[in-house]
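Undergrad: Structure in C-alpha cells, see below.
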C-alpha cells in the first residue's frame, strides 16, 4: 500500500476492458485515488463520472483533448505530448482563458499529428519513429511491437509535416 496520490488509467485499448463508470465512482471514494486518465472515447460516460466525483480528469486520447476539457477535464496524459507539449499547453491555456476560437484552431491544426501518431500504427511505434525523425534518441520498440517500416515512416513524416511539426 502507499500513501501517494494515485491516478487510474482507463485505457481499454491496452487493458482489453474499460473501467466501468460504477467502478470509477467507488474508486473515487478512496482517499488516495485522485485522478483518472481517460482513453475510453466516451464523452457521455466521462461527463457522468466527472459530475459525480472529485476526480481530476485527464484526457488519454489526444484527439479528444479539447472535448474532454469542455466537459470538465483538467489536462492531458499525452503520447503526442512528446512532440507537441508546447502546443497542447497553448491549447489548454487558450481554453481556460475563454478563448475557444484559439483553442479550436490549435486543436484542428494538430489533427494530422494525432492521426499520424495514434491512428496508423500503435502509438509506441509511431512516437519512437517521430522522435527519431526529429533527431532525438528513442530506442527500439519492445516486442511484440516492432519499429515502423519505411512506408509507415514516410506516411508519418507527411502527417507530422501537415501538422506543423519541424523535422
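Residue numbers (the numbering used here): 4 to 170.
In this text, a Cβ means the ideal position worked out from N, Cα and C, and glycines have one as well.
1) With distance defined between alpha-carbon atoms, name the residue in 56, 37, 19 nearest to residue 6.
2) Compare the beta carbon distance of residue 69 and residue 106 with 8 angstroms and say whether it is the shorter of the two.
3) Determine the DSSP secondary structure at residue 112, reduced to helix, strand or coil.
4) With a Cβ-Cβ cutoff of 8 angstroms, do residue 1 and residue 82 count as a contact?
5) In angstroms, rounded to a whole number, what distance separates the CA positions of residue 118 and residue 151?
6) What's the call for residue 116, buried or exposed, on a 16-neighbour Cβ count within 10 Å?
7) Look up residue 39 in the DSSP assignment and give the residues it is bridged to.
8) Based on the DSSP output, what are the partners of residue 99 in its beta bridges?
TA: To lay it out plainly:
1) The residue you call residue 6 lines up with position 3 of the chain shown. Of the candidates 56, 37, 19, the one whose C-alpha sits nearest the C-alpha of residue 6 is 37.
2) For the purposes of this step, residue 69 is identified with residue 66 of the chain shown, where counting begins at 1. For the purposes of this step, residue 106 is identified with residue 103 of the chain shown, where counting begins at 1. Result yes, Cβ atoms of residue 69 and residue 106 sit closer than 8 angstroms.
3) Taking the first residue of the chain shown as position 1, residue 112 is located at position 109. Correct three-state label for residue 112: helix.
4) Since the first and last residues shown for the chain are 4 and 170, residue 1 lies out of range.
5) Looking up residue 118 in the chain shown gives position 115. Looking up residue 151 in the chain shown gives position 148. When rounded, the distance between both Cα atoms is 15 angstroms.
6) For the purposes of this step, residue 116 is taken as residue 113 along the chain shown, with counting starting at 1. By the Cβ neighbour-count rule, residue 116 is buried, with 16 or more other Cβ atoms within 10 Å of its own.
7) Taking the first residue of the chain shown as position 1, residue 39 is located at position 36. Beta-bridge pairing links residue 39 to 11, 60.
8) Along the chain shown, one-based indexing puts residue 99 at 96. Beta-bridge pairing links residue 99 to no other residue.
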